[in-house]
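Colleague:
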DNA sequence: GGTAAGCCTGTACCTGGGTACCGGATGCAA
DNA sequence: TTGCATCCGGTACCCAGGTACAGGCTTACC
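Residue numbers (UniProt numbering), protein chains in the order written: chain A, 1 to 145; chain B, 1 to 145.
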């Protein structure tokens, strides 16, 4: 009886049903109970757990990291490890913000100078030839989102 | 004679050879001439073009967007101008920075409050229940990337 | 008991930006 | 002419984070 079906959990947490099974495969959700016919029956707090997962993702943690954190949290290891990860994440975010800020100022120059072409810009003092910003190695992913 | 081979272009531009062919498929590089035996022979300014592409990527443009921009620039159409796109890109970047800043401050709270678990944090005034930031709909990708 | 909605597993596909591998053909210098 | 480096096209694979579909079973409601 008490427990939610896949569709209910998905709807309440605002995720796709497939995502629930995906998270189960990835180890973020433990395998729920089953009905006699084999349908999953989730404990009601699964919805809250999903919200935690989504929040952690928004904090910049990958699913692997979230899985580890949840696991560490469940086993109650004296893991001040979350703190350290948060600290690391903060520097990562700082780097991203710095990159974006550099990119932003170049874009501003492009706008101010009224550049009209990437390759053949005719504007005076065109900043485009100097777009060597963001070449730093700390972010292999470039500035992409 | 005049013209560069695949490997030379790749090396000078600092990209993988496969990437050249990939860009050709994607329409970022137009099909180069060929030797009698069918090997590609690139005009020397291809290297500069690749640098432009990489710079635009660092500015946050996707390859599709770069392709369009190059095309628009080549055809000198007054449409789809670089300037407007740059303006749009700037607001996009501003949103990302705002999200990252919000995430950063929450992480700072996590660190300051000495949270020890994502789901069962025992610290006083735990900020984790308030991790509803970044739920705005303008960035489906969250703050990740 | 009928029927429609919901769920099951398994597998394939998507995005974006590439990268790797294969067997065979070419290019170039000695 | 030999021999090695390079290049060819085609295809498959990588990452993360999902999403979709097919064919069949279960559940819920009337």
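Ideal placement from N, C-alpha and C gives every residue a C-beta, glycine not left out. Keep in mind it's a predicted model, so treat the numbers as computed, not measured.
1. In terms of residues, what are the limits of the alpha helix (DSSP H) holding residue 9 of chain A?
2. Got a sec: which bits of the stretch 93-110 of chain A sit with their beta carbon under 8 Å from any beta carbon on chain B, in order along the chain?
3. Less than 8 Å between the beta carbons of residue 56 of chain B and residue 110 of chain A, yes or no?
4. Taking a Cβ distance cut-off of 7 Å, strictly less, list which residues of the stretch 50-69 of chain B are near chain A, in chain order.
5. Mind checking which residues open and close the alpha helix (DSSP H) that includes residue 31 of chain A?
6. Looking at the unbroken alpha helix (DSSP H) that takes in residue 81 of chain A, where does it start and where does it end?
7. Taking the alpha-carbon positions, what's the residue 41 of chain B to residue 7 of chain B distance?
8. Could you tell me the alpha carbon to alpha carbon distance between residue 97 of chain A and residue 62 of chain A, rounded to whole angstroms?
9. Cβ atoms of residue 103 of chain B and residue 104 of chain A: under 8 Å apart, would you say?
10. Let me know if residue 25 of chain A comes out buried or exposed under the rule of 16 or more other beta-carbons within 10 Å of its beta-carbon.
11. So, is the C-beta of residue 86 of chain B closer than 8 Å to a C-beta in chain A?
12. Closer than 8 Å by C-beta to residue 18 of chain B: which residues in its own chain qualify, once you throw out the five before and the five after it? Chain order, please.
13. Could you say which of B:29, B:14, B:58 lies nearest to residue 101 of chain A if we only look at CA atoms?
14. Taking the C-alpha atoms as reference points, what is the distance between residue 81 of chain A and residue 14 of chain A?
15. Under DSSP, the alpha helix (DSSP H) around residue 23 of chain A begins and ends at which residues?
16. Between the alpha carbons of residue 84 of chain A and residue 46 of chain A, how many angstroms are there, rounded?
Modeller: Looking at the coordinates:
1. 6-13
2. 93, 94, 96, 97, 100, 101, 103, 104, 106, 107, 108, 110
3. no
4. 52, 55, 56, 57, 58, 59, 60, 69
5. Careful: residue 31 of chain A lies outside any alpha helix (DSSP H) and carries neither H nor E.
6. 81-112
7. 10 Å
8. 18 Å
9. no
10. exposed
11. yes
12. none
13. B:58
14. 29 Å
15. 17-26
16. 26 Å
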